[in-house]
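Chemist:
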Amino acid sequence: MAVVLPPVIAAFIQAKNDFNVEAIIDCLTDDAVVEDEGQELRGQAEIKSWLKKTHEQYNDTLVVISCAAEGEQHIVTAQVSGDFEGSPVPLDFCFVTKEAKISSLRIRLHGQ
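If you read the sequence shown in the numbering used here, its first letter stands for residue 1, the second for the next number, and so on.
Here it is, written out as structure tokens:
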């Protein structure tokens with residue numbers, strides 16, 4: 001059974017798997033915040049730089065396992081595969097949406 005995602009999150013994941021940075025940025029609010037690997041990135045310029053760096057470093061792709069929603073928060077669990085030790089690994093992508101855009105994304109190991 002396919003996991004149903006909000007359109008903006010589905011677009012983000014598809015763009016991430018296609019490594020389409022501009023399409024990913026189009027999914028974000030201007031003041032979006034991303035937390036990943038102990039870093040906090042603020043705004044589209046910082047996030048764009050991070051996206052390019054992580055793709056070059058990890059060449060990662062996502063396969064969605066599940067999505068749980070509470071209001072504007074959506075926790076997407078995905079199997080992430082790429083060029084890193086321990087691949088694949090389950091990660092939780094905690095999205096907060098605002099006016100059909102992603103305003104916040106926190107990435108953690110599944111269950112943490």
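Positions of the beta carbon are idealized from the N, C-alpha and C atoms, including for glycine.
Quick one: any contact between the stretch 56-63 and the stretch 37-47, if contact means 3 or more CB pairs under 8 Å?
Modeler: Not touching, per the Cβ criterion.
Chemist: In whole angstroms, what is the alpha-carbon distance linking T77 and S49?
Modeler: Walking along the sequence shown from the start, residue 77 turns up at place 77. Walking along the sequence shown from the start, residue 49 turns up at place 49. The alpha-carbon atoms of T77 and S49 are separated by roughly 24 Å.
Chemist: Please classify H55: does DSSP put it in a helix, a strand, or coil?
Modeler: Position 55 of the sequence shown, counting from 1, holds the residue named residue 55. Helix.
Chemist: Using a 10 Å radius around the Cβ and a threshold of 16 neighbouring Cβ atoms, would you call L109 buried or exposed?
Modeler: Along the sequence shown, read from residue 1 onward, the residue named residue 109 stands at position 109. Exposed.
Chemist: For L62 versus Q39, is the C-beta spacing smaller than 9 Å?
Modeler: As a first step, residue 62 is located in the sequence shown; it is residue number 62 there, counting from the start. As a first step, residue 39 is located in the sequence shown; it is residue number 39 there, counting from the start. No.
Chemist: Should V3 go down as buried or exposed, given a rule of 16 or more other Cβ atoms within 10 Å for buried?
Modeler: Position 3 of the sequence shown, counting from 1, holds the residue named residue 3. Exposed.
Chemist: Would L28 and I75 be called neighbours here (beta carbons separated by less than 9 Å)?
Modeler: Locating residue 28 in the sequence shown gives position 28, where the first residue counts as 1. Locating residue 75 in the sequence shown gives position 75, where the first residue counts as 1. In this structure, I75 does not lie closer than 9 Å to L28 by Cβ.
Chemist: Could you tell me the boundaries of the alpha helix (DSSP H) in which V21 lies?
Modeler: Working through the sequence shown from its first residue, we reach residue 21 at position 21. Looking at the DSSP string, the run of the alpha helix (DSSP H) that includes V21 is V21 to D26.
Chemist: So what's P7 in DSSP terms, helix, strand or just coil?
Modeler: Against the sequence shown, residue 7 aligns to sequence position 7. Helix, per DSSP.
Chemist: Leaving out the 5 sequence neighbours to the left and right, which residues in its chain are closer than 6 Å to A15 when beta-carbon positions are compared?
Modeler: Numbered from 1 along the sequence shown, position 15 holds the residue referred to as residue 15. Cβ within range, chain order: A23 and I24.
Chemist: Taking S81 as the reference, give the member of L41, N17, E72 and A32 with the closest Cα.
Modeler: Reading the sequence shown from its first residue, position 81 is the one you call residue 81. The residue with the shortest Cα to Cα distance from S81 is N17.
Chemist: Could you check which residue in L51, A69, F12 and S66 has the C-alpha nearest to that of D26?
Modeler: The sequence position of residue 26 within the sequence shown is 26, counting from 1. When only C-alpha atoms are compared, the closest one is F12.
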